[in-house]
Amino acid sequence: MNKESPFLCEAIELAYSNSEQGGRPFGALVVKDDNVIATGVNEILSTNDPTAHAEMTAIRLASRKLQSASLKGCTVYASGHPCPMCMAAMRLAGIDRVVYAYSNDDGAPFGLSTAAIYEDLAKPFAEQSMKIDHVAVRLKSRPDLYADWKRRQETRA
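FYI, in the working numbering the residues of the sequence shown are 1398 to 1554.
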């Protein structure tokens, strides 16, 4: 048994437990230096929050526990293949690695694959299923939003 197996087994147990309680079968852990920092389960059905995926829940809890938006040095162990939203959140958080047990192919027969979303996101904006428009609105009565933010950051430093 490799060193990832116990963490993956714990993620899968979380998924089973969540499923037994009426939730979706997904669990995740954030691990740093071989210590579990946070765990999460898919809470979409209990919260009506479409972003309440197991990985997102674990990331939010880990960030609070570590009091940092940076999760550099952490690994996420997930019961299932993380969706594009979760993958993006892990990248934004600086997570070094993700390890998952069940693939999109494993989930597809049960409606639990996000492969189609990955495929859609790989297309140019004009070809994606969701309409995406860039409208460059600026407020004349205010300084440029990003330049103003940058100035405020430099002032606080």
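No residue lacks a Cβ here, since even glycine has one placed at the ideal position from N, Cα and C.
Secondary structure remark: continuous alpha helix (DSSP H) runs of at least 4 residues inside the stretch 1438-1469, in chain order: 1441-1444, 1451-1463. DSSP places SER1414 within a helical segment (H, G or I) once states are collapsed to three. According to the DSSP secondary-structure assignment, VAL1473 is paired through a beta bridge with VAL1427, VAL1495. For PRO1481, the enclosing alpha helix (DSSP H) starts and ends at 1481-1490. In the same chain as HIS1478, and ignoring 5 residues on each side of it, the C-beta atoms closer than 6 Å to its own belong to TYR1497, SER1500, ASN1501, in chain order.
Residue pairing by DSSP places THR1436 opposite LEU1426 in a beta bridge. As the crow flies, the alpha-carbon of GLU1452 is around 9 Å from that of PHE1423.
Pairing ALA1490 with SER1538, the inter-Cα distance amounts to about 34 Å. About 19 Å separates the beta carbons of LEU1411 and SER1460, which is beyond the 8 Å limit, so they are not a contact pair. Closest option to THR1436, judged by alpha-carbon separation, among GLU1417, GLY1419, CYS1406, LEU1442: CYS1406.
Measuring C-alpha to C-alpha distances from ASP1431 to each of LEU1442, ARG1421, VAL1438, ASN1399 identifies ASN1399 as the nearest.
Across the set SER1414, ALA1408, ARG1421, the C-alpha of ARG1421 shows the shortest separation from the C-alpha of PHE1507. About 7 Å separates the beta carbons of ALA1505 and ALA1512, which is inside the 8 Å limit, making them a contact pair. Boundaries of the alpha helix (DSSP H) harbouring ASP1517: 1512-1518, taken from the DSSP string. Between VAL1473 and VAL1438, the beta carbon gap of about 14 Å keeps them out of contact (Cβ cut-off 8 Å).
Between LYS1469 and ASP1493, the beta carbon gap of about 7 Å places them in contact (Cβ cut-off 8 Å).
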